[in-house]
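Novice: One structure is given below, represented as structure tokens, and several questions about it will come after.
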Amino acid sequence: MLHLGSVARVVQGRAKALKGVKSGSGQAPGFELEDLELVTAAAHPYLHPSVATFKHIYLYHSSSGKRGMVGLFYVEGTNEDIEPEPTAEGGAEDVGGEGGLGPGERPVIAKAVVWLVNPFSRREGEQRPPFARIFEKFTNNPDSSCTFKTSSVSSADEAWAAADSSLASYSRQRNGPTLVLSQGLVQGQELRRRLPALSELPVTHIPGNAEDERYPALGWQAFAAQRMVQRFFIAPRWLADRLLCARYAHLPLANIGADAPCAMADAFFGRLLRHNRHVLWASETSRPDLGGTEGDDNDIWAEDLASPTILQPGAYRNICIELEIHGLAVGSVIASSQLEALEGSQGVTALTVNNDNEGNGGGGGGGGGDNNIFSGGAGGGGGGGGGGGAGGGVGGGDDQAVASAFRILKVLVTTWLDEVTHMGNAHADSLLVHFYRWICARQSLLHNATLHRLVHRLMHKVFSRLIAELRRLGACVVFASFQKVIIATNKSDVKAARDYAKFVVSTVTSRDLFNTLQLEPKMFWEQLLFLDDQDYGGIQVQGGFEDEEEEEKEGRKQDEGDDEAATANRKDAGDDEEGSEDDAEGLQDSEEEEEEEEEEEEEEGGEEERRGRRLRRFKDRNGGGSGSRKEKAAPKAKRDNDLKPDEEDDEEDAQVSGGGGGSGADGAVAEQKMPSIVSHWNLAEYLPASVRQVFLILVSTFLLKPHEKARQLRLDHERMVASLSNQLTQSSQPNGPASPGTDRGESGGGGVPASQGGMDAALAVQAALRKEEANESQSMADFLKHLVTRTLTDKVLETVPAIKKYSGSGPDAFPSKPGAARELTNPALEFIKSLCHVLSLDPTVTDEVETLRKQALAEVGVRQFSAEGQYSDPCVSFVLPDVICSFCNLCRDLDLCRDARLMDEDEEERWQCIQCNHPYERSSIELSLVEAVQRRSVRYQLQDMKCAKCGAVATRSMSLTCPCSGPLVAEESQQDFHKTMKLLRQLAIFHSFGWLLETVENILVADGLVEEDVPAQDGGEEEEEDDEDEGEAMDEDGHAAIDG
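The sequence shown: position 518 = 518 (UniProt numbering), numbered continuously.
As structure tokens, then:
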């Protein structure tokens, strides 16, 4: 596929040489690989209606236990109904087709045959779902129609046999080229074994979602029917997109597989490696094919790929902004040269790479022009020996061995980025989005752990410089990882925090090192208590950035209306000016001077700021100034009125997000979203259920009460600012009230000028504001101290005796969860330590919390400074990096001990993707854990011994001491190794990982930490009777009894 792609032809000159040549057997000779060449999508679009037409059949199957459904949809029409006419460039990028209707919106005419599998149909009766109504419900076109033929069978084998008979009958009718779209969890060879008729038809598999097979207890027929019809309408869109992917990557449709981005990236990377005379290491396993050296286990000494995290625990009473990081892997690869320049080194990016499109057409297509991904390749300066040369190869544990492969990878990523930037190619953008997932995907044919580590190391360097840049800009980084950053601001309202986020993002991304990164503001946090990424709570305000978009749209509409009004007003003003030329000339001179000043101001700031300034000036010129002043004074007049209790509550609710919802010059009022309290405390999961609820209530009180106080302080601050602004306006007016001691009737220099009075008033206002801010800070601090010493202390001292009385004691009182760092026995004590540890995050109330802790510990008979009264995390952490969802391809790290979803009591709910709820492949996760155990065990057994005194590595095998007389110790102690193995054993038991449990127990049994299960020996009569009883019990459960 790398050489031939999806469309191939015989090389010119070679066809004439082969024409008429007969072999000894009388048959025409076959072709060598060099006799064929790739044909681009521009010259011959692959499977496009202009060159080939075909029909398609949709096959859907799902099952839950002994119940299930199998459906065949014979669709009338051809691929002309799915794709548009070819464009002038031949790319056929517009899937909408004629009339602007996409594949899912065009009328669909089909015949469906459905088999319902229900072994209890005789007892439950025939319950066939209303397929006609379901079809009408999900169709987007009233002209669509489908006739359903439904049958009930008692077993899945009968349904598969009937479906196979139907497909065989279709094949015998010679209906022309037909493609089968199969969707379900049964795929590949197993599907062809159940349906032998598929051997005569090409089959393309659509990824199935395991949620489709979770039937409800009642009404499962309607549920399965709705899912089937829903997937049927999505299938044409999926097929149209997959055809475009096949043309872009020059891959046959059925060879792309379920993971299109990985297959496309493998093809592009393999062609570029081959074009640069680099040895390919493609392998179907997770290890690269290095000609036998991949079995040397060099990877056991490689560092673990742990994503870095930055934590700054504390209480943040102002707005915190959560920013999502996108494109870190792509940006790190592209910025590798800049990183080397900054670090003063020259390594993996020193050589050039051959990226031309000579020879085998080693690139892709679809972007436009000649549809070659490497046309005019960026960064690919010619040179036949550029890349790794004939000797290029990939080693298992040496970064320098993959240097040439990395340089080629960088050229590939740069080319994708250029296609996105200059041509807007959607497929190149998708490949960039899935780049890191492809690098770490074990199922990728060109997966290499060393190349993955190299990219990860570059990401770590760029990430560190990104955090340093944020801190240089004055941002307080609360939490940071490869996926997101939380920064704390000193802003008290959402609008100011939003503007600050714009400034930070624009400033950071303007640097060359970060210009390919995308920092997307996700949400606001108020009153954030942050301990770590699994222990936090706060008041979340959503919709802040959506409000900004709505305000911009409304502003554009208002600007358009104001521009029309400005034209009309200027025309009327021109007619009025004809009566007085002198006044008009004076007015024109003043307006020209104002316009010159306005043009100078408009050169500063962005387009939105310039538009806003023009709008304000236009209102002032056309009599809008007085109206604007009235609008500015309106909020104060409204606040001066006495509010009713219900109106006061409404006003507080409107301000709960912290936004300054006052009116501006244009009278617009920004409506803020309602906040919500989020409590995500992993440490509370190790408390008894009843105690956990009390803990969450008290922590939420510690969040909500200060938030209400801060809201009231903001309202008071706004009232004071409005009052001071009015005073400043009056003092700056020439005819305003005289300053004390000034007689307006006096002339000459006896009075105080208005400008001097306005300056003094402005200085007085600033001093008053500074004093008010200091008073607000002190007021909030006093409120927090009072909240802890009065409200929370009283509640805790009332709750602790109740916990001691009703929650019991001992390990049985606590929930059993894997990853417990220690044995818990006293619920009241653990409640006190956890609560006080969370409250102590706020440094304002450190002394008050310590007093509370002392009084509460006295209630349970524990001294304040004893080891028993000190807090320690009840849970350890074990992170499994780069877990990929097989349905939506989301890549994320999983903490197997602290992730709340993985601790769910329902085993089916544990291993589900947070984005699509599709279950993870437990077998691949267990395989990763088993390989981690084996690698860790070998590393422990082969580790070096070091001197505890001088740190030198031991060179003598049989000595217990160093030449300096210091004792030799291992780098990893036996206690740490056994602790990790015991943790993995707990995880294996909790998640029912049999293979992992067997692997870990073999290690622990060898070290004497777990007793081996020894078969019982023939002993006395009592033992024999016990064995017989146990054997009978096993027989009753349906298992075979095995004698010792």
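Using N, Cα and C, we set each Cβ at its ideal position, and we do this for glycine too.
Is Thr40 helix, strand or coil by DSSP?
Specialist: coil
Novice: For the beta strand (DSSP E) containing Thr178, name the first residue and the last one.
Specialist: That run of the beta strand (DSSP E) goes 178-183.
Novice: Report yes or no: do the region 450-460 and the region 262-280 share at least 3 C-beta pairs separated by less than 8 Å?
Specialist: no
Novice: CB Pro313 to CB Phe524, shorter than 8 Å?
Specialist: no
Novice: His48 by DSSP, collapsed to three states: which one?
Specialist: coil
Novice: The ligand SAH and Gln912: does any heavy atom of the ligand fall closer than 7 Å to the residue's C-beta?
Specialist: Ligands are entirely absent from the displayed structure, and the ligand SAH is therefore not among its contents.
Novice: Taking 8 Å as the threshold, find out whether the region 852-860 comes into contact with the region 789-799 through three or more Cβ pairs.
Specialist: yes
Novice: Whether or not the region 217-236 and the region 56-72 are in contact is what I'm after, with contact meaning three or more pairs of Cβ atoms, one per stretch, closer than 8 Å; do they touch?
Specialist: yes
Novice: Measure how close the beta-carbons of Ala246 and Ile256 come, nearest whole angstrom, since I'm counting them as under 8 Å.
Specialist: 6 Å
Novice: May I ask which residues mark the beginning and end of the beta strand (DSSP E) holding Met945?
Specialist: 945-947
Novice: How is the beta strand (DSSP E) around residue 1046 delimited, first residue to last?
Specialist: Beyond the ends of the chain as shown, which are 1 and 1044, falls residue 1046; an answer cannot be given.
Novice: Determine the direct distance from the alpha carbon of Tyr806 to that of Asp906, and round the result to whole angstroms.
Specialist: 27 Å
Novice: Do you know how far the Cα of Met423 is from the Cα of Lys709?
Specialist: 53 Å
Novice: Mind pulling the alpha helix (DSSP H) runs of 4 or more residues that sit fully within the region 425-471?
Specialist: 426-433, 435-440
Novice: In angstroms with no decimal places, state the Cα-to-Cα distance between Gly381 and Tyr215.
Specialist: Note that Gly381 has pLDDT 36, beneath the 50 cutoff, so the model's placement of it is unreliable and the number below is only indicative. Cα to Cα, the separation comes out at about 58 Å.
Novice: For the beta strand (DSSP E) that Pro881 lies in, which residues bound it at each end?
Specialist: 879-884
Novice: Using only the alpha-carbon positions, how far apart do His48 and Ala496 sit?
Specialist: His48 and Ala496: Cα-Cα distance of roughly 53 Å.
Novice: Cβ of residue 1062 within 8 Å of Cβ of Gly808?
Specialist: Shown here, the chain extends from 1 to 1044; a query on residue 1062 therefore has no answer.
Novice: Give me whichever residues DSSP pairs with Arg714 in a beta bridge.
Specialist: For Arg714, DSSP records no beta bridge to any residue.
Novice: For Ile467, which residues in the same chain have their Cβ closer than 7 Å to its Cβ, ignoring the five residues on either side in sequence?
Specialist: Ile310, Val477, Ala480
Novice: Would you say the region 922-930 touches the region 940-951, given that touching needs at least three Cβ pairs under 8 Å?
Specialist: By the Cβ criterion, the region 922-930 is not in contact with the region 940-951, since fewer than three pairs of Cβ atoms, one from each stretch, lie closer than 8 Å.
Novice: In angstroms with no decimal places, state the Cα-to-Cα distance between Ser63 and Ala263.
Specialist: 29 Å
Novice: Since Lys149 and Val113 are thought to touch, with beta carbons under 8 Å apart, how far apart are those beta carbons, to the nearest angstrom?
Specialist: 5 Å
Novice: Counting Cβ pairs, one atom from each stretch, are 3 or more of them under 8 Å apart for the region 177-192 and the region 200-207?
Specialist: yes
Novice: Give the secondary structure of Arg9 by DSSP, where H, G and I count as helix, E and B as strand, and everything else as coil.
Specialist: strand
Novice: So does the region 696-705 actually touch the region 825-841, counting three or more Cβ pairs closer than 8 Å?
Specialist: In short, these stretches touch, since the Cβ pair count reaches three.
Novice: Measuring CB atoms only, is the region 951-967 touching the region 984-1003, in the sense that at least three cross pairs come out at less than 8 Å?
Specialist: no
Novice: Can you list, in chain order, the residues of its chain with a C-beta nearer than 7 Å to that of Gln127? Leave out the 5 residues immediately preceding and following it.
Specialist: Hits under 7 Å: Gln221.
Novice: Which residues in the same chain have their Cβ closer than 8 Å to the Cβ of Glu823, if we skip the five residues on either side of it in sequence?
Specialist: Pro811
Novice: In this structure, does DSSP put Gln312 in helix, strand or coil?
Specialist: coil
Novice: Sort out for me which residues DSSP pairs Leu59 with in a bridge.
Specialist: Leu72, Ser182
Novice: In terms of residues, what are the limits of the beta strand (DSSP E) holding Leu323?
Specialist: Run containing Leu323: 320-326, per the beta strand (DSSP E) assignment.
Novice: Skipping 5 residues on each side, what residues in its chain have a beta carbon closer than 7 Å to that of Ala781?
Specialist: If the five residues before and after Ala781 are omitted, its C-beta is found closer than 7 Å to the C-beta atoms of Thr844, all from its own chain and listed in chain order.
Novice: Is Val494 closer than 8 Å to Ile319 when the C-beta atoms are compared?
Specialist: yes
Novice: Helix, strand or coil: how does DSSP classify Val153 here?
Specialist: strand
Novice: Indicate the three-state DSSP secondary structure (helix, strand or coil) for Ile539 in the structure shown.
Specialist: Ile539: strand per DSSP, three-state reduction.
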